[in-house]
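Structure record follows, encoded as structure tokens.
Number of protein chains: 2
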Amino acid sequence: MINLGYNERRVIELLRGRGGMSRIELAREMAVSAPTLTRLTSSLLEGALIVEDSESRPPTGRGKPSTAVKLNPEGLFTVGVYFNPDDIRICVADLEGKIRAEHVQELDDHSFDHIMGVASPAVEAVIKQAGIDRSRVLGCGLSFPGHFSRNPGHVFQIQQFSSWHDIDVNKDFDDYFDMPVFHENDGKAVVLSELYYGAGRNLRNFALIWLTYGIGGAVVVQRQLYRGTNRNAGEFGGLFPKSHPRPSGQDLCNLLSTQGINVRRLREIDESYSDHPAIRGWLDRATDQLRVLSLTVARTLDPTAIVFGGSLPDWIIRHFVEHLGSLEILGEDFHVEPPEIRLSAMSDKPHLGAATIPLYRATTPSYYSGRALKGWA
Amino acid sequence: MINLGYNERRVIELLRGRGGMSRIELAREMAVSAPTLTRLTSSLLEGALIVEDSESRPPTGRGKPSTAVKLNPEGLFTVGVYFNPDDIRICVADLEGKIRAEHVQELDDHSFDHIMGVASPAVEAVIKQAGIDRSRVLGCGLSFPGHFSRNPGHVFQIQQFSSWHDIDVNKDFDDYFDMPVFHENDGKAVVLSELYYGAGRNLRNFALIWLTYGIGGAVVVQRQLYRGTNRNAGEFGGLFPKSHPRPSGQDLCNLLSTQGINVRRLREIDESYSDHPAIRGWLDRATDQLRVLSLTVARTLDPTAIVFGGSLPDWIIRHFVEHLGSLEILGEDFHVEPPEIRLSAMSDKPHLGAATIPLYRATTPSYYSGRALKGWA
DNA sequence: TTATTTATTTACGTAATAAAACTTAATAGC
DNA sequence: GCTATTAAGTTTTATTACGTAAATAAATAA
């Protein structure tokens, strides 16, 4: 229906995260002429991806006052499906990253059939519940923990999903959703929502450290998700061998279990545990490990910020961020600004990350190939 | 004279490092039509940046045989100036990364005035010596060790260059060279020549670990030098605090000095030292440290390869590469290919790295801005 | 020989862009 | 108030980059 060319995508990128911009501002930032911007916005206006901002800002001086354009939140919707060993979450999100409707339920059966059996009707249900125009749904993103194996398409390595051995994630999801389907590892999906709507909104380069049962993460370089040669960039868990104590949820569960405490889900570890001496020790050791990791990431990637999040209980992640300290003090020889440590804005909505995947694919300028996109409708 | 537009640059990128390609092959790889490729090559042919390959390859079957085009080594030249506390090296390089003429001399006076006093006439001398068309010289790249301080443009941090405090590297070089001037930290410059002509020739993502008096490095992501937010990406030295033993040349010199051995330049440490027990111990420890660094880089960046080089004596760098071992065996939980460990092809020609900077700036597609480049002549 | 195949070029139409000119809507100065 | 000035945005026009279709070139296959 609408062609999102390279420069149309750049307009969307610039408008995202800002309240609104005049065409002249956009033209300046994009280094194109004003007439070009008129054309770009008129095509986006026609497709209802942007709207003119009615709120006329107080004129700044002489001359015709500018009329701002902004993204139309109703312009495009995406569906996100996220699951982990504990639960599955499905949402519809709008173009501003607002969750319009969601469905959350616990998971006990981790088989592919069961999870798809939940996801497929739930996607239709949340679309209905959100009361949105079905034709404006761009696609569905799925995200879940797990690395990719050397056998392309096959996930791997999460004990609870061991029955997935024969699933080809590049094909087998498609049948369950009546729209284009995309998938991504959980941390890499979350970093997309962080990039668009969260702690990375204004950053060109940053890293996410994503703490769940395992340890994941993702790297954003020049406002692009960087996957690495084998889709393994930012998989920081690899720096902490599973055979050793590590700052992961599973490691904490194992510790609790030696203390006679058995939790079934990570969220059951509420703040009341913070006084337990064994947990206090675990927190100190894990904080130290994450501090080393942060310094490592700072030196290797020189990001503007390092963002911490995940399905570990919120109070634990907050403890990490508050006790890491300033990297400037911790690291010797910081001749330039060390990265800032930030708390993720997405720990409680990883499904928004999944919903961001289709948007990322459709609106990132560098994904534009060819003269005209087939269009999302 | 010639406009290097976006797609002309892509052609150059594709031709670089390959013997020659037919227009049809180029068109396929670039996903443009054959007529477009005719236009692109005709403009490059006119500017003499490429030539048709006379060697007609054996025809593969029916149909008109293709005529390959390849980069014209005489098409463009660049000048590189590299210096470190030991010496200064100046070269003219052609479009194939071949050094056409060079000038090397030892440095004792490290003042800005002295170094420029050497470099400026030497640049003219090597151009003359190479016997090339002066109008085809694209520019001059300078590279040298040193981080950038928070004060933009001011280098910092190398003891021997402490007198440079008031030099603004963004301006003060210009007066000494009658051509466009670019500069870059030594490791980052070397990685460019590695990318074009060396160990990274065929790699999309890789890291360089650059061992000199200090410890530097650089990161290539998607065939682009990634500098990080504060130009500090890949400055791996930061992972080894100066107050602790570290795998750097200065650290080795300090050790030798405690053994009563005083070397004036790194290259004086020849292979005869390899039997010295203290040096053997240093090598073992440094190898262990570099192994940890390699695993860290592998996990963080997921590069295709990690390249080792630098002005440390060649036999030491070879010792590191040979004794690191396979990362696959060393790191637990490698579910995908670990990066390959490679030896730099540029340890003995860091000035080629400097000479690559102007070329990188002029021919990297993503540096193209606007409709037409002002041109390099 | 002639048909077929493949690479490349030529001719031409379309889309994206910038420059110049124009329109619109505000303020500044009288 | 009236007019000049300024700035935003649009229309018009010329240029450029690209793709499609057709033409040409140079080989093999029949």
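So the protein sequences, as listed, match chains D and X.
In case it helps, our numbering puts the first sequence at residues 1 to 377.
In case it helps, our numbering puts the second sequence at residues 378 to 754.
Positions of the beta carbon are idealized from the N, C-alpha and C atoms, including for glycine.
Model, not experiment: these values are computed from the prediction.
A residue is called buried when at least 16 other Cβ atoms come within 10 angstroms of its Cβ; Pro-529 (chain X) does not meet this threshold and is exposed.
Each residue's CA atom was taken as its position, placing Arg-23 (chain D) and Tyr-360 (chain D) some 23 Å apart. Three or more Cβ pairs closer than 8 Å define a contact, and the region 79-90 of chain D meets that threshold against the region 112-119 of chain D. Excluding the 5 residues flanking it on each side, Gln-129 (chain D) has same chain C-beta neighbours closer than 6 Å at Ala-101, in chain order. Collapsing the DSSP output to three states places Ser-22 (chain D) in a strand. Listed along chain X are Gly-605, Thr-606, Asn-607, Asn-609, Ala-610, each with a C-beta nearer than 7 Å to that of Asp-302 (chain D). Ranked by how close their Cα comes to the Cα of Glu-423 (chain X), the residues X:Glu-385, X:Met-398, X:Phe-460, X:Pro-412 have X:Glu-385 in first place. Distance check between Gly-394 (chain X) and each of X:Gly-730, X:Tyr-574, X:Glu-561 places X:Tyr-574 closest, using alpha-carbon atoms only. Below the 8 Å Cβ cutoff, chain X contributes Arg-527, Thr-606, Asn-607 as neighbours of Glu-337 (chain D), in chain order. Looking at the DSSP output, Gln-601 (chain X) sits in a beta bridge with X:Val-598.
Under the Cβ criterion of 8 Å, Asn-7 (chain D) is not counted among the residues facing chain X. Among the CB atoms of chain D, none fall inside 8 Å of the CB of Leu-391 (chain X). DSSP places Gly-593 (chain X) in the strand class (E or B) of the three-state scheme. Interface annotation, Gly-238 (chain D): in contact with chain X, CB-CB separation under 8 Å.
The beta carbon of Thr-287 (chain D) sits no closer than 8 Å to any beta carbon of chain X.
In this structure, Thr-673 (chain X) and Thr-300 (chain D) form a Cβ contact; the two beta carbons are roughly 7 Å apart against a cut-off of 8 Å. When the five nearest sequence neighbours on each side are left out, the beta carbons in the same chain lying within less than 7 Å of the beta carbon of Pro-365 (chain D) are those of Tyr-6, Arg-9, Arg-10, Glu-13, in order along the chain. Excluding the 5 residues flanking it on each side, Ser-111 (chain D) has same chain C-beta neighbours closer than 7 Å at Ser-163, in chain order. Under a 10 Å Cβ-count criterion, Thr-363 (chain D) is classified as buried, with 16 or more other Cβ atoms of the shown protein chains found around its own Cβ. By the C-beta density criterion, Thr-258 (chain D) is exposed, having fewer than 16 other C-beta atoms within 10 angstroms. For Thr-296 (chain D), the C-beta contacts it makes with chain X under 8 Å involve Leu-616, Thr-673, Thr-677, in order along the chain.
Cβ contact annotation for Gly-396 (chain X) (same chain, cutoff 7 Å, sequence separation greater than five): Lys-447, in chain order. Look at the region 563-583 of chain X: the residues with a C-beta under 9 Å from a C-beta of chain D are Leu-580, Arg-581, Asn-582, Phe-583. With 16 or more other Cβ atoms inside 10 Å of its own Cβ, Asn-84 (chain D) counts as buried. Residues of the region 210-224 of chain D that bring their beta carbon within less than 7 Å of a beta carbon in chain X comprise Val-221, in sequence order. Pairing Ile-586 (chain X) with Phe-685 (chain X) gives a Cβ-Cβ distance under 8 Å. A direct Cα-to-Cα measurement between Arg-527 (chain X) and Arg-223 (chain D) gives close to 23 Å. Around the beta carbon of Gln-666 (chain X), 16 or more other beta carbons sit within 10 angstroms, so the residue counts as buried. Between Glu-235 (chain D) and Ser-344 (chain D), the C-beta spacing is not below 8 Å. In the structure shown, Asn-262 (chain D) falls within a coil segment according to DSSP collapsed to helix, strand and coil. Relative to Gly-614 (chain X), the option among X:Ile-535, X:Arg-405, X:Asp-486 whose CA is nearest is X:Ile-535.
Contact fails between the region 547-556 of chain X and the region 644-663 of chain X, because fewer than three Cβ pairs, one in each stretch, are under 8 Å apart.
With a 10 Å radius around the Cβ and a threshold of 16 neighbouring Cβ atoms, Val-500 (chain X) comes out buried. If you check the CB distance, Leu-255 (chain D) and Ala-278 (chain D) come in under 8 Å. When secondary structure is reduced to three states using DSSP, Asn-232 (chain D) falls in the coil class, being assigned neither helix nor strand.
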